[in-house]
Structures are given as structure tokens and as C-alpha cells.
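Protein sequence lines, in the order shown, are assigned to chains A and B.
So for the first sequence, the numbering used here puts the first residue at 89; every next one is plus one.
So for the second sequence, the numbering used here puts the first residue at 7; every next one is plus one.
Glycine included, each C-beta is placed from N, C-alpha and C at the ideal position.
As the structure is a prediction and not an experimental result, all values here were calculated from the model.
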Amino acid sequence: MSATVDIRFRLNGVDTEVTVPAGMSTLEMLRERLDLTGTKYACGEGECGACTISVDGVTVNSCLMFAADCDGRELLTIEGLVASPVGEVLRASFARNGAVQCGFCTPGIMMQAQHVLRKHKGCERADLQRAIEGNLCRCTGYVKIIDSIAEACVTADTEQGA
Amino acid sequence: MSGISNYVAPRSLDEAAELLRAGNVTLLAGGTDLMPQSRNGRTQLRPTLMSIRRVAELRGISEAAGNVRIGALTTISELRDSVLVRERLQALWQACDRFASDQIRNAATIGGNICNASPAGDTLVPLLVLDAQVELASKSNGTLATRAVPIADFLLGPGQTARAATEILSGIVLALPPRHFISSFFKFGTRPALDISLISVGLAARRAGNALHDVRVAFGAVAPRPIRAPAAEAALEGKALDDGVIAVAAAAAEAEIHPISDVRASDWYRREMVRNMFTRVLAHVRDR
């Protein structure tokens, strides 16, 4: 029989308590326990980035993280991001540049993009390409995605909202 | 899916070692290897799952008395962001820079990369050429004690290490290299990100003019564990790097590796890549 763990954490700014099986992934907890289905399940082994979330200010693959390990931490998912100023800058930029086709990779890429904007690790195209090397997109060919993040970088810098 | 009957998250090394003494514990750090391996059946989780994330003694990079100590929980991103690592431990920095993806670098720990003991483990080749020691803590006699083991003796085979079940890898210690010391890491795969190395090359040496001294060479993904290459080291020791010396060293390296053929590459291809990439790494050192 599998043990369960009671955990408490902040999720998109809200104190959250949940009981999870010890072997459950954070991705499963978000999608199946907390009904936050914006974070996507694709490869399940850290290759594609569709499940990217932010934990204590850094992005991780939620499929590779044990839910029990969320205890005491601060989580941000795409649902929290889109409700923020940076999320709005990114959403508008992705829409304006046509960076979304099927849309499945988009939440993960926007989460990774906010990490880049927040860390100010550089807005050069080469930096942005490296920054999203862990996110696969099978539709766009990445060019419009890079365009969008580059534009959002400039906007965020101007507004100093990042 | 999981037979975990007990989940524990100790807050001190002493407490973690005490829990390990009770036995039947799987250690969880970043989880980036443990999660997929426990899902696909390659690793059987033991009844107690122990997250060590809260153990403060396992964090941080520090420098004292000519040594660098890297806590086992240091993430690959933290190593990549460290000025000390970038400037003094170049080979390790290069491995961290090209490690998987940003998301994985943010979660994966150096202790986890070592204990996973993959023949292709990215940090292992730099740690071999930097002569690192791993620090193992345990309470097997009732009090907390540590022992140091050279990384070359710690890695035994794919997924196999010299860590006893009651021990926890607490950190990595290495002598801060002198000035004029160079180290370099290069890995080859089909794409730069998220690829398991087909082969990797590590080189470290003290440089005097165009000659290399105290030469250390290591290769990844060409044997059951990352290996030092003593014949290649001997071919380079004390000699000025010219085309002839480089060719002899590359031939020596090719002769002392034991690659396998698998889904990613044939043994022939790996031998060719080791010879060519090692030649390139040496030429790069010569020319800079």
C-alpha cells in the first residue's frame, strides 16, 4: 500500500493543502487533484518541457518532481502567470507574433519565458534559444516563439514590470 | 506504481544518516533521474522514500585551505552560475553549461548525477580530471562520521557505486587548481540540449609554455563507467603539444577505451569520435 503525505504550499499566491500518494508527480497533482490542466502532460520524462512550472522562482519539469517535495514551497503555474502583468505581456506578444499553432507547448514555453524575463539573463536571440532548449514545439519552427519572447523582453524592460 | 510505505524529509545530516541506518531507504534529491527510473521500472523504490532537500549541510559551494567543497544538493544551475566554478573549474562549468536543459539544470543536483553513476554522466568526466573526492556520511557506529573516496574508486559500473546503503553522499571535495592550470570538457551528441552524450572528453593539466604537466584525461560513454585514460596521459606528459604528440595521444586514447554498440551509436563510431574529438580538444588547448 502506498503511503500518503500531507503537504502545504503556496500555489499561484494561494495557500494550498493537499494529501498526495508519496509516488505522485507534481504534474499529476496539478492536473488530477487540483484541476489545473493548463500544465500539459506529454513525454513524462523531462524531454519536452510541456509541464514546465516555477518552484521557488526557478523553472522545473513538473513531471520529474515528486508532489511530496512541493511541501513548504512557492509554485507558479500558467494559470497564475496569465493573471500577472508579465503573463499579459507574454500573452499579447505570443498572439501578435503568431507564436501559437496547436498550442500544446505554449503554457510550458510561456513559463520558461517568464523565467528568462524575471532573471534578466539576456534578450539576445542566442540567449533565448538556449533558454528554451528544454521546450519542444512541433508546429512553429521556433522562430515566432523567439520573436515573441524577444519582443516581450523589450516590453517588460520598458515597463519595468518584469 | 509505488510501494512506498513511508515518506520522510529530515532537516539535518545527522537525522538523515539515522534514518538510513534503519535501512530500506531510497534517497531523493532533485528527482530528475529517480522519477523516470522509478516509473519505467529501472529503479525499484524501497519502502522508505527520503527527501534530503531540507538538509542544510548538503548545500553550498565553499572554499577553504586550498580546497573547494561542493555540497551534494548543489544544483547544476547553481554550479553554472558560480564564478568560482566558471573561472577555476572550467571543465566542470562546461559540463554544467551543456547539461540537459534549463528546467533540469534547475532541479538536478551534482550528488544525484554522481550517485546515478551513468557511464555518460556529464559531471563525472570533469570530476575525474579534477581529481575530486566524494564525501560519504553515515552513522554506522552510532555517531556521524564521514569518509572520502576518490571519484574514480566510487564509480563501479552503470548505476553502481561504492556507497553503502547506510551512507549518504554529502559533498564533493577537490583541490583548487593552481594558476596556469587548464581544464576542458567536450561532449558530443546528436543535438546540444537534452541529449545523452555519445562520447565525452575531459582534459586537465598544468600548462607551462606549450607543454602540459600533471596531465589527466578522462572519457565518458566509452566503458561501463567514465574512465581515466592513463596511456593518453602518458603520451602527453611533459611534452610540447604539436601535431605528432596529439596524434600519438589520440591513438593511445582510442586503444584504451571499450565502447559498446547501442541504440545511440556503434562502437566503431564511438572510437572514431573519441579520436577526432580528443584531437580537437588538444588542438584547441594548443592554439589558445
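Check                                                                                                                                               : Outcome
In whole angstroms, what separates the C-alpha of A/Ala156 from that of A/Pro109?                                                                   : 8 Å
Is B/Gln109 helix, strand or coil by DSSP?                                                                                                          : helix
Check whether chain A comes within 8 Å of B/Met56, counting only Cβ atoms and requiring the distance to be less than that.                          : no
Does the distance from the CB of A/Ala180 to the CB of A/Ile233 come in under 8 Å?                                                                  : no
Check for me: the alpha helix (DSSP H) holding B/Pro156 runs from which residue to which?                                                           : Counting along the chain, B/Pro156 falls outside any alpha helix (DSSP H), though it belongs to the beta strand (DSSP E) covering 151-156.
Which residues, in order along the region 179-210 of chain A, keep a beta-carbon less than 8 Å from a beta-carbon of chain B?                       : Gln200, His203
Taking its Cβ as the centre, do 16 or more other Cβ atoms sit within 10 Å of A/Arg218, making it buried, or is it exposed?                          : buried
Tell me whether B/Leu162 is buried or exposed, calling it buried when 16 or more other Cβ atoms sit within 10 Å of its Cβ.                          : exposed
Does the beta-carbon distance from B/Thr38 to A/Gly145 come in below 8 Å?                                                                           : no
Taking all protein chains shown into account, decide if A/Thr194 is buried (16 or more other Cβ within 10 angstroms of its Cβ) or exposed.          : buried
Check the C-beta distance from B/Phe160 over to B/Asp128 and give it rounded, since I have them as a contact under 8 Å.                             : So it is not a contact: roughly 16 Å between Cβ atoms.
So what does B/Leu209 bridge to, in DSSP terms?                                                                                                     : B/Ser190, B/Val223
With a threshold of 8 Å between beta-carbons, can B/Gly37 be considered close to chain A, or not?                                                   : yes
Less than 8 Å between the beta carbons of B/Asn1 and A/Ala91, yes or no?                                                                            : Missing from the structure shown is residue 1 of chain B; chain B here goes from 7 to 294 and no further.
For a contact defined as C-beta to C-beta under 7 Å, what are the partners of A/Thr254 on chain B?                                                  : Chain A is shown from 89 up to 250; residue 254 of chain A falls before or after that span and cannot be answered.
Spatial neighbours of B/Trp5 within its chain, please: C-beta separation below 6 Å, excluding the five flanking residues on both sides.             : With chain B represented from 7 up to 294, any question about residue 5 of chain B goes unanswered, as that position is not in the structure.
Do the region 103-118 of chain B and the region 141-152 of chain B meet, that is, are 3 or more Cβ pairs less than 8 Å apart?                       : no
I want to check one thing, is the minimum distance from the CB of B/Val155 to the heavy atoms of the ligand MN below 7 Å?                           : The ligand MN is not part of this structure, which contains no ligands at all.
Using three-state DSSP, classify B/Asn216 as helix, strand or coil.                                                                                 : coil
Measure the C-alpha to C-alpha separation of B/Ala23 and B/Leu34 and round it to an integer number of angstroms.                                    : 14 Å
Which residues in the same chain have their Cβ closer than 6 Å to the Cβ of B/Thr32, if we skip the five residues on either side of it in sequence? : Leu51, Arg52, Leu55
Nearest to B/Ala126 by CA position, among B/Ala271, B/Asp137, B/Leu26, is which residue?                                                            : B/Ala271
Entirely within the region 27-113 of chain B and at least 4 residues each: give me those alpha helix (DSSP H) ranges in chain order.                : 40-45, 82-86, 89-94, 96-103, 108-113
For B/Asn12, which residues does DSSP report across the bridge?                                                                                     : B/Thr54
Less than 8 Å between CB atoms is the rule here; does A/Phe97 satisfy it with respect to chain B?                                                   : no
Is B/Ile202 close to chain A, meaning its C-beta is less than 8 Å from at least one C-beta of that chain?                                           : no
Counting only beta-carbon separations shorter than 8 Å, does B/Gly9 have a partner in chain C?                                                      : Absent from the structure: chain C. Protein chains present are A and B.
Please state the DSSP three-state secondary structure of B/Leu133.                                                                                  : helix
Which residues in the same chain have their Cβ closer than 6 Å to the Cβ of B/Gly36, if we skip the five residues on either side of it in sequence? : Ala113, Ala114, Thr115, Gly118
Going by Cα to Cα distance, which pick from B/Gly215, B/Asp248, B/Val228 is closest to B/Arg277?                                                    : B/Val228
Between which two residues does the alpha helix (DSSP H) carrying B/Glu260 extend?                                                                  : 249-262
What in chain A is Cβ-close to B/Arg59, meaning under 8 Å?                                                                                          : Asp157
Let me check one thing: in DSSP terms, what residues is A/Asp103 bridge-paired to?                                                                  : A/Arg98
Name the residues in the region 12-29 of chain B whose C-beta lies less than 9 Å from a C-beta of chain A; which are they?                          : Asn12, Tyr13, Ala15
Measuring CB to CB, does B/Leu26 end up less than 8 Å from B/Ser176?                                                                                : no
Given B/Leu85, which residues of its chain have a CB within under 6 Å of its CB, disregarding the five upstream and five downstream residues?       : Val91, Cys102
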